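Asks: Positions 3 to 465 (this note's numbering) are the ones given, in order, by the first sequence. Would you mind keeping the following structure in view while I ask a few things?
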Amino acid sequence: MAPQKLTEYERKRLENIRRNNEMMAALKVHTKATELSILPKAVTKSYSVKSEKKPKTETPIVIRRSLRTRGIPPDSKGSDSSTLTRNSPQKINDFVQNLGPIPMKDAYKGDDDSDRSFIESLVGMSNKEFSEEELNGSAKKKKKIECSLELESLNLDPENIARVVPGRITQMRFCPSNDVKMVAAGNKFGDIGFWNVGESEIFLYHPHQAPISGILFQPHCLSKIYTSCYDGLIRLMDAEKEIFDMVYNGENSIYALSQPKNEVNCLYFAEGSGGLSVWDNRIGKCSSQWDLHESRINTIDFSPQTTHIVATSSSDGTACTWDLRSIGGPKHTSLRTFTHKRSVQSAYFSPSGCSLATTSLDNTIGIYGGVNLEDKISVYHDNQTGRWISTFRAIWGWDNSYIFIGNMKRGVDVVSTVQRATIKTLQSPHISAIPCRFDANSCEVGMLAGATSGGQVYIWTSS
DNA sequence: GGTAAACTTAACAAT
DNA sequence: ATTGTTCCAGTTTACC
Numbered sequence: 003m004a005p006q007k008l009t010e011y012e013r014k015r016l017e018n019i020r021r022n023n024e025m026m027a028a029l030k031v032h033t034k035a036t037e038l039s040i041l042p043k044a045v046t047k048s049y050s051v052k053s054e055k056k057p058k059t060e061t062p063i064v065i066r067r068s069l070r071t072r073g074i075p076p077d078s079k080g081s082d083s084s085t086l087t088r089n090s091p092q093k094i095n096d097f098v099q100n101l102g103p104i105p106m107k108d109a110y111k112g113d114d115d116s117d118r119s120f121i122e123s124l125v126g127m128s129n130k131e132f133s134e135e136e137l138n139g140s141a142k143k144k145k146k147i148e149c150s151l152e153l154e155s156l157n158l159d160p161e162n163i164a165r166v167v168p169g170r171i172t173q174m175r176f177c178p179s180n181d182v183k184m185v186a187a188g189n190k191f192g193d194i195g196f197w198n199v200g201e202s203e204i205f206l207y208h209p210h211q212a213p214i215s216g217i218l219f220q221p222h223c224l225s226k227i228y229t230s231c232y233d234g235l236i237r238l239m240d241a242e243k244e245i246f247d248m249v250y251n252g253e254n255s256i257y258a259l260s261q262p263k264n265e266v267n268c269l270y271f272a273e274g275s276g277g278l279s280v281w282d283n284r285i286g287k288c289s290s291q292w293d294l295h296e297s298r299i300n301t302i303d304f305s306p307q308t309t310h311i312v313a314t315s316s317s318d319g320t321a322c323t324w325d326l327r328s329i330g331g332p333k334h335t336s337l338r339t340f341t342h343k344r345s346v347q348s349a350y351f352s353p354s355g356c357s358l359a360t361t362s363l364d365n366t367i368g369i370y371g372g373v374n375l376e377d378k379i380s381v382y383h384d385n386q387t388g389r390w391i392s393t394f395r396a397i398w399g400w401d402n403s404y405i406f407i408g409n410m411k412r413g414v415d416v417v418s419t420v421q422r423a424t425i426k427t428l429q430s431p432h433i434s435a436i437p438c439r440f441d442a443n444s445c446e447v448g449m450l451a452g453a454t455s456g457g458q459v460y461i462w463t464s465s
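Dropping the structure here:
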């Protein structure tokens, strides 16, 4: 299957793959952690990596190769999903992969058992949330969040800075707990790092082999965390079972992962070149697979109130809203299509669900409101992050007033939807890289996390 | 018309 | 302080 011609990059890549294969075959362990680095003095906390990890329980290693690399046309009969074929770009890192469950102890990059307390706290957290819920009857208990955020009070305490993973952070989420302030960050190597805000310890795991595209805490069971990856896998980190279980294994890269509040058994994920798939845990397979876009879907976001409405953003230059009740049926059309001049990196509903914010490489943030999102505001914003910085994605704060997005000068721009402009930039000498991915803590107004291509996480808090 | 190459960008390690 | 490496995005340009 020797390719006729190789670019310099491809040649190097194949060389890397070959070396990886040799090493993996020889050691039967995951790739060794990158060396611990010296950080800018602003950053005091970091993960620690075990200097050398002896091979522990041996897990089966499977040589994972796409049909294409085996010389079989991807659309031929060999494929199990004959009904739908997504002519997606060739999947990345499709060489060696562990396809079964991975014990957390094997994926853990710290010293043996030093994550014991962390695992137990996750399990304890989920039990606590459960009992509180039982005591208070039903989901009705959900504390109503006060929305009056005083922008001037946002503060970056140097204590609230840490390097949570090595390398570029591609995804980051707050744990949705009222008690514990914790973030989980995923990077381009397939690592997931956990950090209790303000504390010094980092817990770093390596459950995937490629960039992490989704992190999803189960709201009513915080010890269960879904992760999706460019390697085509969805895993479920289960702290009780102490494994990263394998949930879904597809041929295509997965670019986004989401879940509507009222469908705890279903996962919606962006697969291949424009596909949106629905995984149903009750039947253990995908219940739907639709081709919604002409290029990859970058985000999937459900309307907070009307959970059958979902917004997708795509590199095909559009964002769309869809009605899940009619999607895939005879009327396979979007409710609305929001057009940009370049690829669209995100489309998020505001907390009330009344507005939608899109971010595009055409250097605009689109803010749509009105009865059917037909009113459009366009705010200029430099979104040319280039190749090494994860693309910007404007996120909503805790009400419909403010949108937060990183800028190329290591700041965080705050866009007011009322004033239709950037009204403030959060800056700090402690920030040593461009914060490109964000999450707002839904359980605490004013707690905003920004993540960089250097693996740092910065947490602003409202005093 | 289609594909390959080139260009942009910042962070960090090594020198 | 400077240089080299990263390399899985997105887009434009060059070249069959």
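All C-beta atoms in this analysis are idealised placements derived from N, C-alpha and C, irrespective of residue type, glycine included. If you're wondering where the values come from, they're calculated on a predicted model, not measured in any experiment.
(1) Sort Ile171, Leu156, Val125 and Ser150 by Cα distance to Cys438 and report the nearest one.
(2) For Ile121, does the three-state DSSP call read helix, strand or coil?
(3) In angstroms, rounded to a whole number, what distance separates the CA positions of Trp281 and Cys268?
(4) For the region 370–388 against the region 409–416, do three or more pairs of beta-carbon atoms, one drawn from each stretch, fall closer than 8 Å, so that the two count as touching?
(5) Per DSSP, what kind of secondary structure is Leu151 in: helix, strand or coil?
(6) Only counting runs of 4 or more residues, tell me where the alpha helix (DSSP H) segments fall wholly within the region 344–414, in order along the chain.
(7) Determine the extent of the alpha helix (DSSP H) in which Asp108 is found, giving its start and end residues.
(8) How many Å lie between Ser403 and Glu152 at the Cα?
(9) How would you write the range of the beta strand (DSSP E) that Gly452 sits in, first residue to last?
(10) What residue ranges within the region 146–229 form continuous alpha helix (DSSP H) runs of no fewer than 4 residues, ordered along the chain?
(11) Quick one: Cα of Thr36 to Cα of Pro168, how far?
(12) Is the separation between the beta-carbon of Ile194 and that of Pro178 shorter than 8 Å?
(13) What does the Cβ neighbour count give for Ile285, buried or exposed, with the cut at 16 atoms within 10 Å?
(14) For Glu296, count neighbouring Cβ atoms within 10 angstroms of its own Cβ and tell me buried if that reaches 16, exposed if not.
(15) Does the beta-carbon of Ala321 have 16 or more other beta-carbons within 10 angstroms, so that it is buried, or is it exposed?
(16) Secondary structure at Ser464, three-state DSSP: helix, strand or coil?
(17) Measuring alpha carbon to alpha carbon, tell me which of Phe394, Phe191 and Arg175 ends up nearest Met184.
(18) Could you give the distance in angstroms between the alpha-carbon of Leu235 and the alpha-carbon of Asn300?
(19) Taking all protein chains shown into account, do 16 or more other C-beta atoms lie within 10 angstroms of the C-beta of Asp240, making it buried, or fewer, making it exposed?
(20) According to DSSP, is Tyr277 helix, strand or coil?
(21) Counting only the same chain and skipping the five closest in sequence on each side, list residues whose C-beta sits under 7 Å from that of Asn189.
(22) Val249 lies in the beta strand (DSSP E); which residues open and close that run?
(23) Check each candidate in Ile256, His334 and Ala164 and name the one with the smallest Cα separation from Trp292.
(24) Quick one: grab the DSSP three-state call for Ser297.
(25) Starting from Gln291, follow its DSSP beta bridges and name the residues at the other end.
(26) For the beta strand (DSSP E) containing Ile311, list its first residue and its last residue.
(27) Within 10 angstroms of the Cβ of Asp181, are there 16 or more other Cβ atoms? Answer buried if so, exposed if not.
(28) Expressed to the nearest angstrom, what Euclidean distance is found between the alpha-carbon atoms of Val266 and Gln220?
(29) Beta carbon of Ile163, beta carbon of Ala186: below 8 Å?
(30) Nearest CA to the CA of Gly274: which residue from Ser289, Ser317 and Lys226?
(31) Exposed or buried, Asn100, counting other C-beta atoms within 10 Å across all chains shown (16 or more means buried)?
(32) Specify, as a first and last residue, the run of the beta strand (DSSP E) that Arg439 falls within.
(33) In whole angstroms, what is the alpha-carbon distance linking Cys288 and Gly102?
(34) By Cβ distance below 6 Å, which residues in the same chain neighbour Val125 in space, the five residues on each side in sequence not counted?
(35) Buried or exposed: Asn283, going by 16 or more other Cβ atoms within 10 Å of its Cβ?
(36) Let me check one thing: in DSSP terms, what residues is Leu238 bridge-paired to?
Replies: In terms of the structure at hand:
(1) For the purposes of this step, residue 438 is taken as residue 436 along the first sequence, with counting starting at 1. Out of Ile171, Leu156, Val125 and Ser150, Ile171 has the C-alpha closest to the C-alpha of Cys438.
(2) Start at 1 with the first residue of the first sequence, and residue 121 comes out as number 119. Helix at Ile121.
(3) Translated into the one-based positions of the first sequence, residue 281 becomes position 279. Translated into the one-based positions of the first sequence, residue 268 becomes position 266. If I take the Cα positions, the gap works out to 5 Å.
(4) yes
(5) For the purposes of this step, residue 151 is taken as the residue at position 149 of the first sequence. Here Leu151 sits in coil by DSSP.
(6) none
(7) By one-based count along the first sequence, residue 108 stands at place 106. That run of the alpha helix (DSSP H) goes Met106 to Ala109.
(8) Taking the first sequence and counting its residues from 1, one reaches residue 403 at position 401. Taking the first sequence and counting its residues from 1, one reaches residue 152 at position 150. Rounded to the nearest angstrom, the two C-alpha atoms are 11 Å apart.
(9) Sequence index remark: in the first sequence, residue 452 carries index 450 (1-based). Per DSSP, Gly452 belongs to the beta strand (DSSP E) from Leu450 to Thr454.
(10) none
(11) Translated into positions along the first sequence, residue 36 becomes position 34. Translated into positions along the first sequence, residue 168 becomes position 166. Note that Thr36 scores a pLDDT of 35, beneath 50, so its modelled location is shaky and nothing firm can be said.
(12) Locating residue 194 in the first sequence gives position 192, counting from the first residue. Locating residue 178 in the first sequence gives position 176, counting from the first residue. The answer is no: Cβ separation not under 8 Å.
(13) The residue labelled residue 285 in the question sits at position 283 within the first sequence. Counting Cβ neighbours within 10 Å, Ile285 comes out exposed, since fewer than 16 surround it.
(14) In the first sequence, the residue the question calls residue 296 occupies position 294. Answer is exposed; the Cβ neighbour count stays below 16.
(15) Position 319 of the first sequence, counted from the first residue, corresponds to residue 321. When all chains shown are included, Ala321 counts as buried.
(16) Mapped onto the first sequence, residue 464 falls at position 462. Here Ser464 sits in strand by DSSP.
(17) Here the question's residue 184 lines up with position 182 in the first sequence. Ranking the options by Cα distance to Met184, first place goes to Arg175.
(18) In the first sequence, the residue the question calls residue 235 occupies position 233. In the first sequence, the residue the question calls residue 300 occupies position 298. Those two C-alpha atoms are separated by around 16 Å.
(19) For the purposes of this step, residue 240 is taken as the residue at position 238 of the first sequence. Classification for Asp240: buried.
(20) Position 275 of the first sequence, counting from 1, holds the residue named residue 277. Tyr is not the amino acid found at residue 277; the sequence shown has Gly there. Strand at Gly277.
(21) The sequence position of residue 189 within the first sequence is 187, counting from 1. Correct list, in chain order: Val167, Pro168, Gly169, Arg170, Ile171, Thr172, Ile214 and Gly457.
(22) For the purposes of this step, residue 249 is identified with residue 247 of the first sequence, where counting begins at 1. Its beta strand (DSSP E) spans residues Ile245 to Asn251.
(23) Reading the first sequence from its first residue, position 290 is the one you call residue 292. When only C-alpha atoms are compared, the closest one is His334.
(24) Start at 1 with the first residue of the first sequence, and residue 297 comes out as number 295. Coil.
(25) By one-based count along the first sequence, residue 291 stands at place 289. Looking at the DSSP assignment, Gln291 forms a beta bridge with Ser279.
(26) For the purposes of this step, residue 311 is identified with residue 309 of the first sequence, where counting begins at 1. Residues Ile311 to Ser316.
(27) If you number the first sequence from 1, residue 181 lands on position 179. Per the 10 Å Cβ criterion, exposed.
(28) Walking along the first sequence from the start, residue 266 turns up at place 264. Walking along the first sequence from the start, residue 220 turns up at place 218. Cα to Cα, the separation comes out at about 8 Å.
(29) As a first step, residue 163 must be located in the first sequence, where it is residue number 161. As a first step, residue 186 must be located in the first sequence, where it is residue number 184. No, the Cβ-Cβ distance between Ile163 and Ala186 is not below 8 Å.
(30) As a working mapping, residue 274 is identified with position 272 in the first sequence. Residue Ser317 is the option with its Cα nearest to Gly274.
(31) For the purposes of this step, residue 100 is taken as residue 98 along the first sequence, with counting starting at 1. With 16 or more Cβ atoms within 10 Å of its Cβ, Asn100 is classed as buried.
(32) What you label residue 439 is simply residue 437 of the first sequence in a count that begins at 1. Residues Pro437 to Ala442.
(33) Numbered from 1 along the first sequence, position 286 holds the residue referred to as residue 288. Numbered from 1 along the first sequence, position 100 holds the residue referred to as residue 102. Distance between the alpha carbons of Cys288 and Gly102 is about 18 Å.
(34) On the first sequence, position 123 is the one that residue 125 refers to. Ser225, Ala241 and Glu242.
(35) In the first sequence, counting from the first residue as 1, residue 283 sits at position 281. Under this definition Asn283 is an exposed residue.
(36) Position 236 of the first sequence holds residue 238. Partner(s): Tyr228 and Asp247.
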